[in-house]
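In numbering that gives the first Met the number 0, the protein residues as written are 0 to 473.
C-beta atoms are modelled at their ideal positions from N, C-alpha and C, and glycine is treated no differently.
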Amino acid sequence: MTLSLYDTMSRRKAPFAPKDPSRVTLYVCGPTVYNYAHIGNFRPVVVFDLLFRVLRRHYGEGHVLYAANVTDVDDKINRKAAEEGVPIKTIADRYLDAYNADAAALGALRPTFQPRVTETMDAITGMIGDLVRNNGAYEAEGHVLFDTQAFADYGKLSGHPMDEMIAGARVDVAPYKRHPADFVLWKPSKPGEPSWPSPWGDGRPGWHIECTAMIHEALGLPIDIHGGGIDLVFPHHENELAQGVCSGHGGREYAGVWMHNGFLNMADEKMSKSLGNVALAHDLLETWPGEALRWALLAGQYRQKLEWTDTLIEQAKANLDRLYRVLDDSDRFLAGKAVPDGAQSPAGAAEHADVLKALSDDLNTPEAFAALFQLADRVRAAIMAKDARAVAGGRGLLLDAGNLMGFLTADPQGWFQSGADDDLKSRIEGLIAARADARAAKDWPQADRIRDELAALNVEVMDGASGATWRIKE
RNA sequence: GGCCUGAUGGCGGAGUGGUGACGCAGCGGACUGCAAAUCCGUGCACCCGAGUUCGAUUCUCGGUCAGGCCUCCA
Numbered sequence: 000m001t002l003s004l005y006d007t008m009s010r011r012k013a014p015f016a017p018k019d020p021s022r023v024t025l026y027v028c029g030p031t032v033y034n035y036a037h038i039g040n041f042r043p044v045v046v047f048d049l050l051f052r053v054l055r056r057h058y059g060e061g062h063v064l065y066a067a068n069v070t071d072v073d074d075k076i077n078r079k080a081a082e083e084g085v086p087i088k089t090i091a092d093r094y095l096d097a098y099n100a101d102a103a104a105l106g107a108l109r110p111t112f113q114p115r116v117t118e119t120m121d122a123i124t125g126m127i128g129d130l131v132r133n134n135g136a137y138e139a140e141g142h143v144l145f146d147t148q149a150f151a152d153y154g155k156l157s158g159h160p161m162d163e164m165i166a167g168a169r170v171d172v173a174p175y176k177r178h179p180a181d182f183v184l185w186k187p188s189k190p191g192e193p194s195w196p197s198p199w200g201d202g203r204p205g206w207h208i209e210c211t212a213m214i215h216e217a218l219g220l221p222i223d224i225h226g227g228g229i230d231l232v233f234p235h236h237e238n239e240l241a242q243g244v245c246s247g248h249g250g251r252e253y254a255g256v257w258m259h260n261g262f263l264n265m266a267d268e269k270m271s272k273s274l275g276n277v278a279l280a281h282d283l284l285e286t287w288p289g290e291a292l293r294w295a296l297l298a299g300q301y302r303q304k305l306e307w308t309d310t311l312i313e314q315a316k317a318n319l320d321r322l323y324r325v326l327d328d329s330d331r332f333l334a335g336k337a338v339p340d341g342a343q344s345p346a347g348a349a350e351h352a353d354v355l356k357a358l359s360d361d362l363n364t365p366e367a368f369a370a371l372f373q374l375a376d377r378v379r380a381a382i383m384a385k386d387a388r389a390v391a392g393g394r395g396l397l398l399d400a401g402n403l404m405g406f407l408t409a410d411p412q413g414w415f416q417s418g419a420d421d422d423l424k425s426r427i428e429g430l431i432a433a434r435a436d437a438r439a440a441k442d443w444p445q446a447d448r449i450r451d452e453l454a455a456l457n458v459e460v461m462d463g464a465s466g467a468t469w470r471i472k473e
């Protein structure tokens, strides 16, 4: 099965061809850890986690290397550390832990490498040195600047012609720059700020060089896929590309494919800390299962913008409920049954294949979801046909397809009963038992009274052939 | 000002030159003591104008609207 990906550089979808199928490399720009990350920050995390999973399915788990960096020195981190009177590492560690916890709750696997700027300083200064030697950078007033004139293709990724970028620039140009588009590779630290030694004096790296150096250090240039948010195309990725090529590592190529996810909007505007319209993943995870948030983040194709609303999350939750119900019903149906082995094709084999097929088409998650539902329908039909072998096989396929996308990892019963502690559970079970007695005695008013009581506890009862089941209503 | 996306039913959201996915919500029915879940059935859309075509939601051009980048930003 062919994997096709959309490349920002060529503006086309094309079959993916890694340079070495036994060592596929993926890099995604990670967080600056100075605060809790908002849900929009996690869109690329979830999207590229999905890509990571799909790549592993195509090339084998051990053959895909995924690096996502951590920016752990930056003005905002410095400021926060100064406010609290602690080292920047304290701030960075705190929010990196929170970030990784949130990412895990959203079903993201840990990247193979998670390099930190402060631990990659030698590689960073080394690469700046390479650029200076190659005449791709120059020193001016204690700064080292990248010389955009040295890279003829500058602007090719973003499609921004050089002249127009200057004409439209809305920032003051530092006087020591040879060209307005030149950008900082190394800058002196102000007194009291963290600084590192370098051949150009003590200071700290510019933002763009960090990624290029970490990519080279962790994966080696050139890489197969470079990902990130659409906003990073210019200037960040444009600059990374220029640095990488001019550094002399990896030849003319920096990344084989450039992938960019669209933004998350809230009330028709992008979610951003400066606009103040943020929803922290950390807070959302208090009220919603991580899988529901993950589903919501994948509800649209990754390149499209996504409107983040409560309705979106509710619908995502409802979608997952439907799949979990099938799993739950399968479990009930299979309970106590000896399932015969056999080579008979399980329910939903074709639909199972369709899931990977849809994902392999530039991560078409909506189509993958559709295939997942069709697969669930096949399992449902097998339950109704009382075909234990088909149910067991189909259930396995549904689970596998869901897991591939990072879903259906919860125990089905637990999915519906999460939010109930043991006290509540035993109370619910007691009421259900009492209601069963009332129903056996055909005391309908009493049975309905108990159901109302359960409803007051936010519990929904479902009478089935083999007794009543329940779940927490949302 | 320059560059770039997008516009599909009540909602989310794929896709396609000709039979308009999928899910949520709605409606009718079956099942149920009544519900819920489930099953069966069902209504509802392709921004506007022009062009190409036997035929366009799908291609081309123009317009309108929305959003993004050009500045820290996923």
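- Message: So for Pro-204, helix, strand or coil by DSSP?
- Response: For this step, residue 204 is matched to residue 205 along the first sequence. Note: Pro-204 maps to strand in three-state DSSP.
- Under the three-state reduction of DSSP, which class applies to Thr-468: helix, strand or coil? For this step, residue 468 is matched to residue 469 along the first sequence. Thr-468: strand per DSSP, three-state reduction.
- Query: Taking the runs of the alpha helix (DSSP H) that are 4 residues or longer, which of them lie wholly in the stretch 124–184?
  - Reply: 161–167
- Message: With H, G and I counted as helix, E and B as strand and the rest as coil, what does DSSP make of Val-338?
- Response: For the purposes of this step, residue 338 is taken as the residue at position 339 of the first sequence. Of the three classes helix, strand and coil, the one that applies to Val-338 here is coil, per DSSP.
- Task: Could you work out which residue in Lys-441, Ser-465, Trp-469 is closest to Ala-454 when comparing CA atoms only?
- Result: The residue labelled residue 454 in the question sits at position 455 within the first sequence. Answer by Cα proximity: Trp-469.
- Query: In terms of residue numbering, what span does the beta strand (DSSP E) encompassing Asn-264 cover?
  - Reply: Taking the first sequence and counting its residues from 1, the one referred to as residue 264 is at position 265. Where Asn-264 is concerned, the enclosing beta strand (DSSP E) stretches over 263–265.
- Task: Look at Gly-39 and Lys-336 and say whether their C-beta atoms are less than 9 Å apart.
- Result: As a position in the first sequence, residue 39 is number 40, starting the count at 1. As a position in the first sequence, residue 336 is number 337, starting the count at 1. No, they are not a contact pair.
- Task: Take Phe-182 as the anchor and find which of Pro-193, Ile-214, Leu-144, Pro-160 has the nearest alpha-carbon.
- Result: Indexing the first sequence from 1 puts residue 182 at position 183. Selected option, being the one with the closest Cα: Leu-144.
- Task: Take the Cβ of Gly-29 as the centre, count every other Cβ of all protein chains shown within 10 Å, and call the residue buried at 16 or more, exposed below.
- Result: Residue mapping note: residue 29 aligns to position 30 of the first sequence, counting from 1. So Gly-29 ends up on the buried side.
- Query: On the three-state DSSP scale, how would you describe Thr-70?
  - Reply: Along the first sequence, one-based indexing puts residue 70 at 71. It is a strand residue.
- Taking only runs that begin and end inside the stretch 192–254, name each unbroken alpha helix (DSSP H) of 4 or more residues, in chain order. 206–217, 237–245
- Task: Consult DSSP for Val-354 and reduce its assignment to one of helix, strand or coil.
- Result: Sequence index remark: in the first sequence, residue 354 carries index 355 (1-based). Reduced to three states, the DSSP call for Val-354 is helix.
- Message: Quick check: what's the CA-CA separation for Asp-129 versus Val-69?
- Response: Sequence index remark: in the first sequence, residue 129 carries index 130 (1-based). Sequence index remark: in the first sequence, residue 69 carries index 70 (1-based). Taking the straight line from one Cα to the other gives about 23 Å.
- Segment contact flag, the stretch 373–383 with the stretch 255–263, C-beta cutoff 8 Å, min 3 pairs: no
- Query: Would you report the Cα separation of Ala-136 and Asp-223, rounded to the nearest angstrom?
  - Reply: Taking the first sequence and counting its residues from 1, the one referred to as residue 136 is at position 137. Taking the first sequence and counting its residues from 1, the one referred to as residue 223 is at position 224. Their Cα atoms are separated by approximately 26 Å.
- Val-390 - containing alpha helix (DSSP H), residue span: Residue numbering aside, residue 390 sits at position 391 when the first sequence is read from its first letter. Run containing Val-390: 387–403, per the alpha helix (DSSP H) assignment.
- Task: If I'm right that Leu-296 touches Phe-41 with Cβ under 8 Å, what's the distance once you round it to whole angstroms?
- Result: Along the first sequence, read from residue 1 onward, the residue named residue 296 stands at position 297. Along the first sequence, read from residue 1 onward, the residue named residue 41 stands at position 42. About 7 Å; that satisfies the 8 Å criterion.
- In chain order, what residues of the same chain lie with their CB nearer than 7 Å to the CB of Gly-167, ignoring the 5 residues before and after it? As a first step, residue 167 must be located in the first sequence, where it is residue number 168. Any reading at Gly-167 is ruled out, since the residue's pLDDT is 44, under 50, leaving its predicted position unreliable.
- Message: Is Lys-304 a contact residue of the ligand FMN, with contact defined as CB to any heavy atom under 8 Å?
- Response: Because no ligand of any kind appears in the structure shown, any question about the ligand FMN cannot be addressed here.
- Message: Less than 9 Å between the C-beta atoms of Val-44 and Ala-67, yes or no?
- Response: Working through the first sequence from its first residue, we reach residue 44 at position 45. Working through the first sequence from its first residue, we reach residue 67 at position 68. It is a contact, given that the beta carbons lie within the stated cut-off.
- Can you tell me the Cα-Cα spacing of Leu-358 and Thr-111, whole angstroms? Within the first sequence, the letter at position 359 stands for residue 358. Within the first sequence, the letter at position 112 stands for residue 111. If I take the Cα positions, the gap works out to 21 Å.
- Task: Compare the C-alpha of Asp-320 against each of Tyr-98, Pro-196, Ile-471 and name the closest.
- Result: Sequence index remark: in the first sequence, residue 320 carries index 321 (1-based). Comparing Cα positions, the closest option is Ile-471.
- How about Gly-226 and Gly-141: do their beta carbons lie closer than 9 Å? Taking the first residue of the first sequence as 1, we reach residue 226 at position 227. Taking the first residue of the first sequence as 1, we reach residue 141 at position 142. Contact flag unset, no.
- Message: Could you pull the DSSP bridge partners for Glu-306 from this structure?
- Response: For the purposes of this step, residue 306 is taken as residue 307 along the first sequence, with counting starting at 1. The partner list for Glu-306 (beta bridge, DSSP) reads Asn-264.
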